[in-house]
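As structure tokens, the structure follows; a few thoughts come after it.
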Amino acid sequence: MKILFLNGPNLNMLGEREESLYGQLTLSEINSLIQKKADKMNIQVDFFQSNEEGKIVSRIQESSGLVDYIVINPAAFTHTSIAIRDALLAVKARFIEVHLSNIFSREDFRQNSYVSSIALGVISGFGHQGYLMALDALSDINK
Ligand code: DQA
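Mapped onto this note's numbering, the consecutive letters of the sequence shown carry residue numbers 2 to 144.
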């Protein structure tokens, strides 16, 4: 099984960005934790982060047929991007949406996600553990 972990804008600044909301780990520290867990579970993982919507759209398109699942934190694009939703639909991606913070307890403009309604599920509010939870969930679903 192969899973692509996709992260959107400003998540390259984890560790120094609003730590009380997003935690102290950097994205590369989080990705190492995912890699370690995936190795133990015999799951192949790949990682991509971009601050640019078009690059995320292209990476989703390129993943078609090459990965079984996507775990995506679209970050601010969650609340704005019809293009990312359309890309996920175009490749019939089976994916989990992850957010470090609980978007439902935050500002009104974060309450809408353009991707939740087409996701396998949404994990929001558990910090970096959310990515590891998604790994467990996908390994279970894939059995
Ligand atoms: C986020 C929540 C978004 O609203 C925000 O724009 C982010 C991060 C999260 O992981 O909690 O950049 O996706």
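Glycine is no exception: its CB is placed at the ideal position from the N, C-alpha and C atoms.
Among the bridge pairs identified by DSSP, residue 115 is matched with none.
In the three-state scheme derived from DSSP, where H, G and I count as helix and E and B as strand, residue 37 is classed as helix. Judged by DSSP in its simplified three-state form, residue 65 adopts coil rather than helix or strand. Distance from the CA of residue 103 to the CA of residue 54, rounded to the nearest whole angstrom, comes to 22 angstroms.
Under DSSP, residue 3 forms a beta bridge with 45. From the listed residues 52, 126, 128, 7, the smallest Cα separation to residue 63 is found for 7.
Beyond the five residues adjoining it in sequence on each side, residue 47 comes within less than 6 angstroms, by CB distance, of 5 in the same chain, given in chain order.
In the three-state reduction of the DSSP assignment, residue 32 falls in the helix class, which pools H, G and I. A distance of 8 angstroms or more separates the beta carbons of residue 34 and residue 50. Taking the Cβ of residue 79 as the reference point, at least one heavy atom of the ligand DQA falls within a distance shorter than 7 angstroms.
Look at residue 92 here: in three-state DSSP terms it is coil, with no helix or strand label.
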